[in-house]
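Asks:
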DNA sequence: AACTACTTGCAATAAATTTGCAAGTAGTGT
DNA sequence: ACACTACTTGCAAATTTATTGCAAGTAGTT
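Protein chains in written order, with the numbering used here: chain A, 190 to 324; chain B, 190 to 324.
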């Protein structure tokens, strides 16, 4: 883990290890506030902001935008194209894999008169989980 | 236009008409800041916040989240399932239509053990426009 | 063990968003 | 046209969120 951080060009400091470690332990993207709160006492909130920003630029971390909430962050896994499905009632988040983005990218380029390449995408679903749908 | 606003349950006041009118004139989603700036003198920024919030709840306006920028807003067109393609260099935004969301929604439900229904989705593409790709 | 550039925490700023409230006005009924 | 009332607005102030400056601390190196 320290290795990963160094490879990304950073020093493997305690705060960085703490943040990175926390991110490896979550299956859901986390907000700055959640991270800062959990790391309180160990890592200053300002440092969380700075680290997330740096990790993001280095590609270690991905920013996830879901409707109606502040941005959340998760570790990047380069070979994994997963997306999120969010319950609009209870805000539960689950992952799903696969999406027709490559195909859609090609289709979009065909439609477009000013774009020349696709480099990324976001795709998230919103719905109701089995618990909330009965209410 | 005043009619649309009334139908949504609001009074057709000057500030509301100004905001709504501005939104009908843009082909790109706009941020609170952009809107407030353009309507400066006519509409207070606080009012823009409040109106956007109310319009959003009423379904007149859709919130659009694109990477790395604050939320933007555009008028909802119920029969139009368009999405955005964003140049990661110059931030240009273009629309494209159609996306495999229905199909993917079904696939996601199949994968999921806790979700029961899909009610919405986001899908946006990032890439380079013809101008920026040559740089 | 010493060195140095990168990091961190704390305090202070700045920016974004929300709230309270008196004054203004659209829509209604007269 | 006039008055009435609930909905709206603008302004100021409070909150919340994010950024910056800088002295002190520390990882990685010599």
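Beta carbons: idealized from backbone N, C-alpha and C, even for Gly.
Is the CB-CB distance between residue 369 (chain B) and residue 321 (chain B) below 9 angstroms?
Replies: Beyond the ends of chain B as shown, which are 190 and 324, falls residue 369 (chain B); an answer cannot be given.
Asks: Note down, in chain order, every chain A residue with its Cβ under 8 angstroms from the Cβ of residue 238 (chain B).
Replies: Taking the first residue of the second chain as 1, we reach residue 238 (chain B) at position 49. Correct list: empty, because the minimum Cβ distance to chain A is about 15 angstroms.
Asks: Could you tell me which whole beta strand (DSSP E) segments of length 3 or greater appear in the region 273 to 313 of chain A?
Replies: 282 to 286
Asks: Grab me the residues of residue 312 (chain B)'s own chain with a C-beta within less than 8 angstroms of its C-beta, minus the 5 sequence neighbours each way, in chain order.
Replies: Here residue 312 (chain B) refers to the residue found at position 123 when the second chain is read from its first residue. Cβ neighbours of residue 312 (chain B) beyond the five flanking positions: 272, 288 and 290.
Asks: Report all residues from its chain with a CB closer than 8 angstroms to the CB of residue 314 (chain B); omit the five preceding and five following residues, and keep chain order.
Replies: As a working note, residue 314 (chain B) is residue 125 in the second chain. So the list reads 272, 273, 274, 275 and 285, once near-sequence residues are dropped.
Asks: Let's test the definition: count the other Cβ atoms within 10 Å of the Cβ of residue 262 (chain B) and tell me whether it reaches 16, buried, or not, exposed.
Replies: As a working note, residue 262 (chain B) is residue 73 in the second chain. Buried, since its Cβ has 16 or more Cβ neighbours within 10 Å.
Asks: Going by the beta-carbon positions, is the gap between residue 255 (chain B) and residue 212 (chain B) smaller than 9 angstroms?
Replies: Here residue 255 (chain B) refers to the residue found at position 66 of the second chain. Here residue 212 (chain B) refers to the residue found at position 23 of the second chain. Not in contact: residue 255 (chain B) and residue 212 (chain B) (Cβ atoms no closer than 9 angstroms).
Asks: Indicate the three-state DSSP secondary structure (helix, strand or coil) for residue 224 (chain B) in the structure shown.
Replies: Along the second chain, one-based indexing puts residue 224 (chain B) at 35. In the structure shown, residue 224 (chain B) sits in a helix (DSSP, three-state: H, G or I).
Asks: Going by alpha carbons, who is nearest to residue 316 (chain A) out of B:324, B:318, B:307 and B:316?
Replies: By one-based count along the first chain, residue 316 (chain A) stands at place 127. With distances taken between Cα atoms, residue 316 (chain A) lies closest to B:307.
Asks: Is there a Cβ from chain B that is less than 9 angstroms from the Cβ of residue 263 (chain A)?
Replies: Residue 263 (chain A) sits at position 74 when you count from the first residue of the first chain. Residue 263 (chain A) does not count as touching chain B.
Asks: Three-state secondary structure (DSSP) at residue 258 (chain A)?
Replies: Taking the first residue of the first chain as position 1, residue 258 (chain A) is located at position 69. Residue 258 (chain A): coil per DSSP, three-state reduction.
Asks: Would you mind giving the Cβ-Cβ distance between residue 304 (chain A) and residue 319 (chain B), rounded to the nearest angstrom? I have them listed as a contact below 8 angstroms.
Replies: Stepping through the first chain from its first residue, residue 304 (chain A) is reached at position 115. Stepping through the second chain from its first residue, residue 319 (chain B) is reached at position 130. Correct: roughly 7 angstroms between the Cβ atoms.
Asks: Closer than 7 angstroms by beta-carbon distance: list the chain A residues that pair up with residue 313 (chain B), in chain order.
Replies: As a working mapping, residue 313 (chain B) is identified with position 124 in the second chain. Chain A residues near residue 313 (chain B): 310 and 311.
Asks: Could you tell me whether any Cβ in chain A is nearer than 9 angstroms to the Cβ of residue 287 (chain B)?
Replies: Within the second chain, residue 287 (chain B) is the residue found at index 98, counting from 1. Chain A, which has a Cβ nearer than 9 angstroms to the Cβ of residue 287 (chain B), makes this yes.
Asks: What span of residues does the alpha helix (DSSP H) with residue 192 (chain A) cover, start to end?
Replies: Position 3 of the first chain, counted from the start, is the residue given in the question as residue 192 (chain A). Annotation: the continuous alpha helix (DSSP H) that includes residue 192 (chain A) extends over 191 to 196.
Asks: What does DSSP give as the partner residues of residue 318 (chain B) in its beta bridges?
Replies: The sequence position of residue 318 (chain B) within the second chain is 129, counting from 1. According to DSSP, residue 318 (chain B) bridges with A:304.
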